[in-house]
Amino acid sequence: MAKVAVIGGGPAGLLAAREICRRELNVHVFEEDSEIGLPERCGGLLSLKGLSMISAPKPMKYVLNLIRGAIFHSPSGYEFKLDAKRWVAAVISRKRFDRMLSEEVEEMGGEISCGVRVRDVRRIGNNFDLNLGEKRFSADWIIDAEGMSSHLMKKILGKSPDKRRWIPIVQLTIEEHGLDPEFVHLYFKEYLPDFFAYLIPLNEEIGRLGVATKLKGLEPRMRKFISEEFPRIKVLKKISYVIYVGRPTWTELNERFIPVGDAAGHVKATTGGGVVMGGLISINMASALSELELGNDPNSYVREARRIYRELKQIFHLRRFIENVPIRLYDKIFKLAEDTSIGDDLRRLGDMDFQATSLKRIIYSPKMIVKLISSVLGNFLK
Ligand SMILES: Cc1cc2nc3c(=O)[nH]c(=O)nc-3n(C[C@H](O)[C@H](O)[C@H](O)COP(=O)(O)OP(=O)(O)OC[C@H]3O[C@@H](n4cnc5c(N)ncnc54)[C@H](O)[C@@H]3O)c2cc1C
323 MAKVAVIGGG
333 PAGLLAAREI
343 CRRELNVHVF
353 EEDSEIGLPE
363 RCGGLLSLKG
373 LSMISAPKPM
383 KYVLNLIRGA
393 IFHSPSGYEF
403 KLDAKRWVAA
413 VISRKRFDRM
423 LSEEVEEMGG
433 EISCGVRVRD
443 VRRIGNNFDL
453 NLGEKRFSAD
463 WIIDAEGMSS
473 HLMKKILGKS
483 PDKRRWIPIV
493 QLTIEEHGLD
503 PEFVHLYFKE
513 YLPDFFAYLI
523 PLNEEIGRLG
533 VATKLKGLEP
543 RMRKFISEEF
553 PRIKVLKKIS
563 YVIYVGRPTW
573 TELNERFIPV
583 GDAAGHVKAT
593 TGGGVVMGGL
603 ISINMASALS
613 ELELGNDPNS
623 YVREARRIYR
633 ELKQIFHLRR
643 FIENVPIRLY
653 DKIFKLAEDT
663 SIGDDLRRLG
673 DMDFQATSLK
683 RIIYSPKMIV
693 KLISSVLGNF
703 LK
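The following block contains the structure:
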């Protein structure tokens with residue numbers, strides 16, 4: 323029976339492993355950290371629809387809070403509120419979520435080795451030789467879910483996500499944010515031109531506050547943001563990492579080395595969020611290789627993975643467009659969203675994950691085009 327090695331025990335690797343186990347193929351996950359789910363480097367904001375699409379483990383003991391919308395803050399303090407008037411997202415504990423996924427994998431017969439770093443991989447014909455330090459491992463397929471490092475992908479496929487599009491981020495767990503815990507808050511600031519700052523509430527008091535930028539001086543910029551918006555908070559915990567805001571990559575099944583998740587840049591470039599969309603590609607590519615091994619047609623799964631990949635590519639183009647909009651115009655843009663009732667349409671038709679598709683659906687209606695033109699004339703040409 324074919325052997326699949328999964329490199330990395332984050333959500334992308336574990337979701338792939340679960341699909342392979344479901345088809346009773348041999349799968350072994352290698353995770354260099356000593357425990358699944360730690361260290362926890364995530365805001366943990368996932369759409370409820372996305373959680374259902376990736377068949378998230380049940381019961382959902384990892385859900386810490388439920389969210390019904392977002393409040394966007396312009397640099398001058400203008401607020402645009404998007405209230406779905408129903409729960410649309412959850413804030414989760416990645417530690418518990420990843421652990422429950424790993425338990426599902428093990429219950430279905432998958433093997434997981436923690437504290438084992440895959441140091442190197444060599445392709446030998448249709449096989450792979452994995453160097454685990456003291457031991458070696460031979461595999462017919464590799465799911466490369468190594469996250470941001472992507473060094474094995476670079477070695478085997480000669481490509482990787484765009485290194486220039488990883489942005490350093492600091493995320494603090496803070497106390498006494500004093501905001502409505504049913505909404506996430508996004509802050510656009512002149513001194514954070516390449517991303518936004520956010521507050522993801524866990525409850526009335528505790529939240530996750532993130533600040534990201536590629537510019538020099540991330541820490542002083544974070545302090546400035548805190549002094550402006552949250553002067554009274556207490557910091558409980560701090561993590562520093564990176565998020566990807568670039569173009570996704572695509573690898574054909576016949577390579578037998580399939581990068582997924584952050585390793586492949588399968589992330590929404592507008593927000594850096596990768597658990598759901600990266601997870602969906604991972605699930606479909608793992609299903610495809612498993613079906614191929616079982617002698618079945620893998621194409622419906624490859625097509626679905628490609629559909630998600632195309633969506634991520636469009637979200638990347640959306641980000642490139644947003645990057646060219648001067649932050650000083652945000653007041654007018656938020657006002658435009660209110661005037662044209664884009665806010666209402668986003669509430670009805672918006673999708674946190676399929677952002678490009680839902681925006682196209684809203685903007686390309688003839689009624690909206692007329693409203694947009696008249697509002698642009700009224701607001702921007704004054
Ligand atoms: C501050 C922050 C906030 C975020 N907030 C959100 C959010 O709110 N919502 C959202 O959807 N996404 C969010 N993200 C992004 C999300 O965390 C990633 O998209 C997601 O974790 C990617 O999953 P993955 O499995 O591809 O990679 P990872 O979760 O990074 O897992 C990769 C794993 O591979 C292991 N590994 C790497 N190399 C090797 C090797 N050679 N051998 C063995 N093991 C190896 C690593 O130890 C790691 O455990 C956030 C990211 C950050 C940094």
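Numbering (this note's numbering), first residue to last: 323 to 704. From the three backbone atoms N, C-alpha and C, an ideal C-beta is built for every residue, glycine too.
Under a three-way DSSP split, which group does residue i fall into?
i, result
"PRO581", "strand"
"LEU685", "Checking the sequence, you will find Ile at residue 685 rather than Leu. In this structure, ILE685 counts as helix in the three-state DSSP scheme."
"GLU660", "helix"
"CYS278", "Shown here, the chain extends from 323 to 704; a query on residue 278 therefore has no answer."
"SER377", "coil"
"SER369", "strand"
"ILE414", "strand"
"MET607", "helix"
"VAL647", "coil"
"ILE630", "helix"
"MET422", "helix"
"THR535", "coil"
"ASN621", "helix"
"TYR400", "coil"
"GLU428", "helix"
"SER612", "helix"
"ASP673", "coil"
"ARG439", "coil"
"GLU341", "helix"
"ILE655", "helix"
"SER356", "coil"
"GLY332", "coil"
"GLY665", "helix"
When you compare each of the options to residue i by their alpha carbons, which one comes out closest?
i, options, result
"LYS417", "VAL440, TRP409, SER435 and PRO361", "PRO361"
"LEU479", "ALA586, GLU425 and LEU514", "ALA586"
"ASP442", "ARG345, GLY431 and LEU454", "LEU454"
"GLU645", "LYS511, ARG628, ILE555 and GLU498", "LYS511"
"TYR686", "ARG669, ILE664 and MET674", "ILE664"
"PRO523", "ASP661, GLY391 and PRO381", "GLY391"
"PHE394", "TRP409, GLU346, GLY539 and PHE518", "PHE518"
"LYS654", "ASP673, GLU401, LEU494 and LYS546", "GLU401"
"ILE389", "HIS507, LEU347 and ILE496", "HIS507"
"GLY366", "ARG683, THR495, TYR623 and LYS546", "THR495"
"PRO530", "CYS364, GLU357, ASP355 and GLY332", "Just to set this straight, residue 530 is Arg in the shown sequence, not Pro. Of the listed residues, the one whose Cα sits closest to ARG530 is CYS364."
"SER482", "GLY583, ILE649, GLU615 and GLU626", "GLY583"
"LYS682", "LEU658, THR593, VAL647 and GLU633", "GLU633"
"SER460", "ILE329, PHE656, LEU558 and ALA467", "ILE329"
"LYS559", "ARG543, GLU497 and ARG670", "GLU497"
"GLY372", "ARG344, SER396, ASP405 and ALA411", "ALA411"
"ALA406", "ARG670, THR535 and ILE464", "ARG670"
"THR571", "LEU640, PHE505, ASP484 and GLU526", "ASP484"
"LEU611", "LEU640, PRO490 and VAL349", "VAL349"
"ILE281", "GLY437, ILE603, PHE547 and MET323", "No answer is possible for residue 281: it lies beyond the span of the chain, which begins at 323 and ends at 704."
"LYS383", "MET422, TRP488 and ARG578", "MET422"
"SER562", "LEU614, LYS380, ILE489 and THR592", "ILE489"
Who pairs with residue i in a beta bridge, going by DSSP?
i, result
"PHE450", "ARG445 and ALA461"
"ASP405", "GLY391"
"LEU640", "Paired residue(s): none; LEU640 is not in a bridge."
"ARG530", "THR495 and ILE522"
"VAL349", "VAL326"
"ILE434", "VAL351"
"VAL385", "ILE414"
Would you say residue i touches ligand 2, meaning its beta carbon is less than 6 Å from a heavy atom?
i, result
"ALA334", "Ligand 2 is absent from the structure shown, which contains only ligand 1."
Worksheet item: Fully enclosed by the stretch 466-520, which alpha helix (DSSP H) runs are 4 residues long or longer?
Response: 473-479
Practice prompt. Scan the stretch 540-605 and note each continuous beta strand (DSSP E) run of 3 residues or more that stays entirely inside, going in chain order.
Written response: 556-566 and 579-581
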